[in-house]
Amino acid sequence: MAGETILSVKDLRVRFRTLDGVVNAVKGINLHVDAGETVAVVGESGSGKSQTMMAAMSLLASNGEATGVVDYRGKNLLTLGKSELNKVRGRKISMIFQEPMTSLDPLYTIGNQLMEPIRRHRGLSGAEARAEALRLLELVKIPDPERRLKSYPHEMSGGQRQRVMIAMALANDPDILIADEPTTALDVTIQAQILMLLAELQRKLGMAIVFITHDLGIVRRFADRVYVMRYGEVVEEGKADELFANPHHDYTKMLLAAEPTGRKAAPPDNAPILLEGRNVEVEFKIGGGFLAGPPMLLKAVDRISVTLKRGQTIGIVGESGSGKSTLGRALLRLLPSEGVIRFANQDLSKADKSEMRPLRKELQLVFQDPFGSLSPRMTVGQIITEGLLVHEPSLSSKERDKRAVEALREVGLSPETRNRYPHEFSGGQRQRIAIARAMILKPKVVVLDEPTSALDRSVQKQIVELLRTLQADHDLSYLFISHDLAVVRAMSDYIIVMKQGKIVEEGPTEEIFGHPREAYTKTLMAAAIDETKFRQSA
Amino acid sequence: MFMYVFRRLLTAIPTMFVIVTLAFFLIRVAPGGPFNQERGLSPEIKANLEAQFGLSDPIWLQYFNYLKNLLHGNFGPSYNLPDFTVTELFANGLPISVQLGLSALVLALAVGTVLGIVAALNQNRLGDYSVIALATAGSTIPTFVIAPVIQLLFGLTWKLLPIGGWGDGAWINKIGPILTLSLPQIAIVARLMRGSMIESLRSNHIRTARALGLSDWSVVVKHALRGAVLPIVSYAGPAAAALLTGSIIVETIFAIPGIGRYFVDAALNRDYTLVMGTVVVIAMFTIAFNLIVDILYAFFDPRVRYD
């Protein structure tokens, strides 16, 4: 399969001039790509894996500069003139990106955007380019390609847009396709489809693929060779199967061990029911208004019943738009809903704002985005004690401070951090702060809305451990909302699978993972878990 | 789209009604009236005048009479310029103001857009700094300074342009006022364009275009510029409404018989009908240009659909 070396990167260094001084993102790395092979560049965020390839394609931000050699068939891409470079980019080496939603120009049709690189690089006429575009859409298996040529990006789903991106990248039959986290932003079932498509196209067209990814699952399934990057350096390289079987560097070992493990036992049968929802329904109105006719109704949550016992963790899984976050919010009465919601034998369904306020302390919520959910203008101490001002107003500022110290210790942060601001912390630390903010009120039920999805695998594992310890120490009940099945499996003792606002399947974790009954659950599981099957079908 | 425009025009009716009503009663709340001059008229003459113009009627009756006349397109007589009706004043002045304002707007959009693009493409380099300096100067130096400087240099020193006057619409008389009107607008448009172009150039789909090896022209003009003009379109709507209805400063300094000076003169003289006339004209321009902006938006951005 592997042939001659077509791309080799020698002593590549990438620096960014920032307000805080020069940042060395890539510190002199060497790597090479052979014809037709699949190379994975693995690392966590900030490892410099993307910037390496951005530098190779001369796509660095304006404050970045690259030195070294990026040799493509005897030409150094770093010193090539613009017009020469543009004969390689999109023609011989092409690239697809992580963000399918924003990587296409929203103002032009798919057909227009597909035809542009074809006409530019091959000088075809309009009609020929159109036929080519049609063929490419068929190649990436977009249904009804004739009609899709006239569609705009916003009329397509994320998976379809990524297919279009792939079609654009392959339009001129390149030697190398660089795929920068091509499936990270997609739902698991779509991820599997895109990966299979890439594997199939590689067999058909024979180009080399460079996968930039943090996902070891993809590496294991796909790559012939692997480079592991950390802090701008390659710490280990080798054949994929050898590297997985026998990692040498500590960091590689740590990455491999970072997949969340462990199982949670179900609470005792006689554990009291804390939070209960019966036939919960949430409807959203879309559009409508003065002279615009009646609004469209969308049932985000459709008659769902949930029973959460003390000490239990219910995992709610489903793809984006399945209504899982909406359900979590409705159960905390943060959204108006129909149906009955009871907390500790108290009917919340009719409770108004002021009746809910004393209960808010018991029912806490932790969000996905550790960057957006902490106020940038408050210190960590102010952020985590804010709830105490409302719920325990009798506390003196000294007592509040004491509670803040306790809460920070509990989530594994140094108490000194309470005088600092959120931007000084990493994503994982911020998520700890967000957890401390919930825990300081000593809640009974915590809804965790994708609390680990924005974090690196190794950090994810730490947060999962932390949440487990807190649960054991305080006998907490969790509603754990996530699309990440590995994390859900490690955290929950009961699983609810949602699709389009409805429960598809529910049951104890091992039952759902071991013997999924419904077709949808099976696809979900197959996409995320079953690696061997994947290789065969690809 | 047609239904949308129709609906928007329909909602303009209640909007206009509210504006006219508010303006009508607000100007009446201000003390004094059209015939309270400094020296004062004898009470008999004043009473006669007021009776003739219906000003002695109860206020609600005056309001309904005004509405009735307005619906027939009749703005009423001017109290302080008794030889003219308000309609005649606008018929004479409005075309002049619109001509100057429209020329200034077109000039500002053309020059400002180009300057903004140049600045964005040379971000944090000399070209960028020059445009920023120019834009800062343009938006901080007031028109009542720019206008006399233009008159002094071009009119008195170099004798290239007339110092003022309309000259029955000779093009040479328009240059000074158009320049004065457009300079601050050029500054604003350039700054807006620079900002939105920089943002547009940083967006992911521009990265895609570069990765596909497209030419700089295609990247900048086809992909970056089209998205970047949207903020300019939003700004141009209200700006057009303001420019086309005249400027008191420019029209006064260059002695141009437009309608800009009516705004202030009429309000100071409590020339009720003329005040109401200008309010109606400005409101109509504002509503119309906002509608045009929204239609243009749908033209530039396929994600915007009205139905």
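Order-wise, the sequence lines are chains A and B.
Here the working numbering is used: the first residue of the first sequence is 673, the next is one more, and so on.
Here the working numbering is used: the first residue of the second sequence is 66, the next is one more, and so on.
Glycine residues also receive a C-beta, built at the ideal position from the N, C-alpha and C atoms.
Going by DSSP, which residues form a beta bridge with residue i?
i         : result
A/Phe688  : A/Val695 and A/Gly736
A/Leu714  : It is worth fixing the name first, because residue 714 of chain A is Val in this sequence and not Leu. Answer is A/Thr885 and A/Val900, bridged to A/Val714.
A/Glu1211 : The structure shown has nothing for residue 1211 of chain A, since chain A only spans 673 to 1210.
A/Ala851  : A/Ile768 and A/Phe883
A/His662  : Residue 662 of chain A is absent from the model: chain A starts at 673 and stops at 1210.
A/Met968  : A/Ile958
A/Thr985  : A/Tyr1150
A/Gln1018 : A/Phe1015
A/Gln1036 : A/Val1118
What's the C-alpha gap between residue i and residue j?
i         : j         : result
B/Gln164  : B/Ser312  : 12 Å
A/Gly798  : A/Glu804  : 10 Å
A/Asn844  : A/Lys764  : 8 Å
A/Asp896  : A/Pro846  : 19 Å
B/Leu170  : A/Asp777  : 29 Å
A/Thr885  : A/Leu1127 : 14 Å
B/Ile271  : A/Leu811  : 25 Å
B/Phe219  : A/Pro825  : 53 Å
A/Asp1019 : A/Glu1010 : 13 Å
A/Pro1123 : B/Val358  : 42 Å
A/Gly831  : A/Leu858  : 7 Å
B/Asp315  : B/Asn187  : The sequence given here has Val at residue 315 of chain B, not Asp. So the alpha carbons of these two residues sit roughly 34 Å apart.
A/Arg1092 : A/Ala841  : 45 Å
B/Val329  : B/Arg256  : 30 Å
A/Gly720  : A/Ala707  : 24 Å
A/Ala1144 : A/Gly983  : 8 Å
A/Gly1100 : A/Leu1138 : 11 Å
B/Leu74   : B/Gly230  : 38 Å
B/Val85   : B/Gly203  : 35 Å
A/Lys1194 : B/Lys287  : 45 Å
A/Gln1208 : B/Ile263  : Low local confidence applies: a pLDDT of 37 at A/Gln1208 is under 50, so the model's placement there is unreliable, with the coordinate-based value given in what follows. Distance between the alpha carbons of A/Gln1208 and B/Ile263 is about 47 Å.
B/Leu244  : B/Phe140  : 32 Å
A/Asp683  : B/Tyr371  : 54 Å
B/Gly278  : A/Leu757  : 8 Å
B/Pro142  : B/Ile318  : 27 Å
A/Gly1186 : A/Val1136 : 22 Å
A/Leu749  : A/Asp743  : 6 Å
B/Leu174  : B/Gly166  : 12 Å
A/His1095 : A/Pro1048 : 7 Å
A/Ser766  : B/Ala276  : 6 Å
A/Arg817  : A/Ile890  : In the sequence on display, residue 817 of chain A carries Pro and not Arg. Roughly 29 Å separates the two Cα atoms.
B/Asp148  : B/Phe364  : 46 Å
Hey, residue i and residue j: beta-carbon distance below 8 Å or not?
i         : j         : result
A/Thr861  : A/Leu1196 : yes
A/Ile976  : A/Leu1151 : no
A/Arg1104 : A/Ile1055 : no
B/Ala306  : B/Ile347  : yes
A/Val1118 : A/Val1038 : yes
A/Val686  : A/Ala738  : yes
A/Ile838  : A/Leu867  : no
B/Leu246  : B/Leu308  : yes
A/Gln874  : A/Thr710  : yes
A/Ala1106 : A/Leu1046 : yes
B/Tyr131  : B/Asp336  : no
A/Ala1023 : A/Arg1001 : no
A/Thr1141 : A/Arg1161 : no
A/Leu888  : A/Val952  : no
A/Arg1014 : A/Glu948  : yes
B/Leu339  : B/Leu154  : yes
A/Ala930  : A/Arg1102 : no
A/Val1176 : A/Gln1132 : no
B/Gln250  : B/Gly177  : yes
B/Tyr362  : B/Val298  : yes
Given that residue i touches chain E, what residues does it touch there, using C-beta distances under 9 Å?
i        : result
B/Asp359 : Among the protein chains of the structure shown, namely A and B, there is no chain E.
With a cut-off of 8 Å on the beta carbons, I'd call residue i and residue j a contact; round off their distance for me.
i         : j        : result
A/Ile782  : A/Arg820 : 6 Å
A/Asp1121 : A/Ser997 : 5 Å
A/Lys699  : A/Glu905 : 5 Å
A/Val681  : A/Thr751 : A/Val681 to A/Thr751, Cβ: 14 Å. No contact.
Is there contact here, the stretch 917-925 of chain A with the stretch 874-882 of chain A, by at least three beta-carbon pairs under 8 Å?
-> No: the two stretches stay apart, fewer than three of their Cβ pairs being nearer than 8 Å.
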